[in-house]
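Chemist: Sharing a structure, written as structure tokens. Questions coming.
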Amino acid sequence: MPHTVSVESNASYTVSVESNTVSPAAGEHPLQYNYTLWYSRRTPSRPANTQSYEQNIRQIGTVASVEQFWKFYSHLVRPGDLTGHSDFHLFKEGIKPMWEDEANKNGGKWIIRLRKGLASRFWENIILAMLGEQFMVGEEICGVVVSIRFQEDILSIWNKTASDQVTTSRIRDTLRRVLNLPPNTIMEYKTHNDSLKDNSSFRNTKITL
Numbered sequence: 002m003p004h005t006v007s008v009e010s011n012a013s014y015t016v017s018v019e020s021n022t023v024s025p026a027a028g029e030h031p032l033q034y035n036y037t038l039w040y041s042r043r044t045p046s047r048p049a050n051t052q053s054y055e056q057n058i059r060q061i062g063t064v065a066s067v068e069q070f071w072k073f074y075s076h077l078v079r080p081g082d083l084t085g086h087s088d089f090h091l092f093k094e095g096i097k098p099m100w101e102d103e104a105n106k107n108g109g110k111w112i113i114r115l116r117k118g119l120a121s122r123f124w125e126n127i128i129l130a131m132l133g134e135q136f137m138v139g140e141e142i143c144g145v146v147v148s149i150r151f152q153e154d155i156l157s158i159w160n161k162t163a164s165d166q167v168t169t170s171r172i173r174d175t176l177r178r179v180l181n182l183p184p185n186t187i188m189e190y191k192t193h194n195d196s197l198k199d200n201s202s203f204r205n206t207k208i209t210l
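The sequence shown begins at 2 in this note's numbering and counts up by one.
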């Protein structure tokens with residue numbers, strides 16, 4: 002049975018989610034991995050902790066084929082239309098978009114800060130690159146996140162092994178290519194271990210050009 006999930010509590014956006022769409026239907030084109038979409042929203046003035054974050058994050062649905070993804074995506078509000086302190090997370094099925102998750106705890110993320118108005122296009126491009134296995138790093142990619150903030154929007158891609166510099170560099174270079182970033186775009190990397198230490202996703206990052 003399909004059920005409808007409200008994306009924002011104060012908005013009319015809804016997403017129609019099939020609760021049993023976890024395998025490709027006959028004739029569909031399977032993705033290499035199943036992916037689950039999550040949504041989170043919190044009040045910026047409240048300090049975040051693991052418990053409150055886990056309470057604020059909601060699983061919206063899972064897709065297993067190209068056709069399921071486009072059907073799902075067509076009903077989804079675009080990031081640029083979200084308000085406040087909101088995030089979409091698209092992760093491989095079985096991986097929670099949390100620093101402490103077993104698949105994430107030794108990893109980190111590349112961060113790209115966007116001026117307002119660009120989030121929807123960049124989000125779609127990074128999703129398609131991930132679903133299409135364009136990063137060519139095997140199991141390393143965990144998921145992608147778009148974070149809507151008041152002054153800027155932030156795109157990030159999470160990987161499993163922060164200490165693997167060859168892999169993290171390949172992810173960075175692929176990001177530049179698939180997003181068609183200008184050569185002088187600042188890229189930032191932060192390990193999830195550092196995020197746990199300072200309880201922050203985007204502060205105290207390592208910057209690279």
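Every residue, glycine too, gets a C-beta built ideally from N, C-alpha and C. Bear in mind the structure is a predicted one, so any value in this text is a computation, not a measurement.
Since ILE172 and VAL145 should fall inside the 8 Å C-beta cutoff, what is the C-beta to C-beta distance between them, to a whole number of angstroms?
Modeler: If you number the sequence shown from 1, residue 172 lands on position 171. If you number the sequence shown from 1, residue 145 lands on position 144. Going by Cβ atoms, the distance from ILE172 to VAL145 rounds to 11 Å, so no, they are not a contact pair.
Chemist: Among ILE113, LYS93, ARG178, which residue has its Cα nearest to the Cα of ASN105?
Modeler: By 1-based counting over the sequence shown, the position of residue 105 is 104. Per the Cα distances, LYS93.
Chemist: Report the CB separation of SER87 from ILE149 in whole angstroms; it is logged as a contact under 8 Å.
Modeler: If you number the sequence shown from 1, residue 87 lands on position 86. If you number the sequence shown from 1, residue 149 lands on position 148. Yes, they are in contact, since the Cβ atoms of SER87 and ILE149 sit about 5 Å apart, within 8 Å.
Chemist: Compute the Euclidean distance between the alpha carbons of THR22 and GLU68, then round it to the nearest angstrom.
Modeler: Against the sequence shown, residue 22 aligns to sequence position 21. Against the sequence shown, residue 68 aligns to sequence position 67. The pLDDT assigned to THR22 is 45, lower than 50, so where the model puts this residue is not dependable; a value taken from the coordinates is nonetheless given after this. Cα-Cα distance, rounded: 11 Å.
Chemist: From which residue to which residue does the beta strand (DSSP E) around TRP100 run?
Modeler: Numbered from 1 along the sequence shown, position 99 holds the residue referred to as residue 100. Segment: none, TRP100 is in no beta strand (DSSP E) and carries neither H nor E.
Chemist: Using DSSP with H/G/I as helix, E/B as strand and the rest coil, what is ILE61?
Modeler: Within the sequence shown, the letter at position 60 stands for residue 61. ILE61 falls in the strand class under three-state DSSP.
Chemist: Could you have a look at ILE187 and say whether DSSP puts it in helix, strand or coil?
Modeler: Taking the first residue of the sequence shown as 1, we reach residue 187 at position 186. Three-state result, ILE187: coil.
Chemist: Along the alpha helix (DSSP H) that carries ARG114, what are the first and last residues, could you check?
Modeler: On the sequence shown, residue 114 is found 113 positions in, with the first residue counted as 1. Counting along the chain, ARG114 falls outside any alpha helix (DSSP H), though it belongs to the beta strand (DSSP E) covering 109-115.
Chemist: So, helix, strand or coil for ASP88, using DSSP?
Modeler: Numbered from its first residue, the sequence shown carries residue 88 at position 87. Three-state result, ASP88: strand.
Chemist: Around the Cβ of VAL64, are there at least 16 other Cβ atoms within 10 angstroms (buried) or fewer (exposed)?
Modeler: By one-based count along the sequence shown, residue 64 stands at place 63. When all chains shown are included, VAL64 counts as buried.
Chemist: Straight-line CA distance for ASP195 to ALA27?
Modeler: Taking the sequence shown and counting its residues from 1, the one referred to as residue 195 is at position 194. Taking the sequence shown and counting its residues from 1, the one referred to as residue 27 is at position 26. Going from the Cα of ASP195 to the Cα of ALA27 covers about 44 Å.
Chemist: So what does ASN160 bridge to, in DSSP terms?
Modeler: Along the sequence shown, read from residue 1 onward, the residue named residue 160 stands at position 159. DSSP output for ASN160 lists GLY109, ILE142 as bridge partner(s).
Chemist: Return yes when the Cβ of PRO80 is within less than 7 Å of the Cβ of TRP39, no when it is not.
Modeler: As a working mapping, residue 39 is identified with position 38 in the sequence shown. As a working mapping, residue 80 is identified with position 79 in the sequence shown. Contact flag unset, no.
Chemist: Could you please give me the residues that DSSP links to ARG1 through a beta bridge?
Modeler: Residue 1 lies beyond the range of the chain shown here (2 to 210); nothing can be said about it.
Chemist: Along the alpha helix (DSSP H) that carries ASN194, what are the first and last residues, could you check?
Modeler: Taking the sequence shown and counting its residues from 1, the one referred to as residue 194 is at position 193. Judged by DSSP secondary structure, ASN194 falls within the alpha helix (DSSP H) whose first and last residues are 193-199.
Chemist: What residue range does the alpha helix (DSSP H) around VAL67 cover?
Modeler: On the sequence shown, residue 67 is found 66 positions in, with the first residue counted as 1. For VAL67, the enclosing alpha helix (DSSP H) starts and ends at 67-75.
Chemist: With DSSP as the reference, please indicate the residues paired to PRO31 in a beta bridge.
Modeler: To locate residue 31, count along the sequence shown from 1; it is residue 30. DSSP lists SER66 as partners of PRO31.
Chemist: Please name the residue or residues paired with ASP154 in a DSSP beta bridge.
Modeler: Translated into the one-based positions of the sequence shown, residue 154 becomes position 153. LEU115, ILE149, per the DSSP bridge assignment.
Chemist: Just mark HIS30 as buried or exposed, buried being the case when its beta carbon has 16 or more other beta carbons within 10 Å.
Modeler: On the sequence shown, residue 30 is found 29 positions in, with the first residue counted as 1. So HIS30 counts as exposed.
Chemist: Between HIS193 and the rest of its own chain, which residues show a CB-CB distance below 7 Å, the 5 nearest in sequence each way excluded?
Modeler: Here residue 193 is taken as the residue at index 192 of the sequence shown, counted from 1. Once the five neighbours on either side are set aside, the close Cβ partners of HIS193 are TRP100, ASN105, LYS106, GLY108, GLY109.
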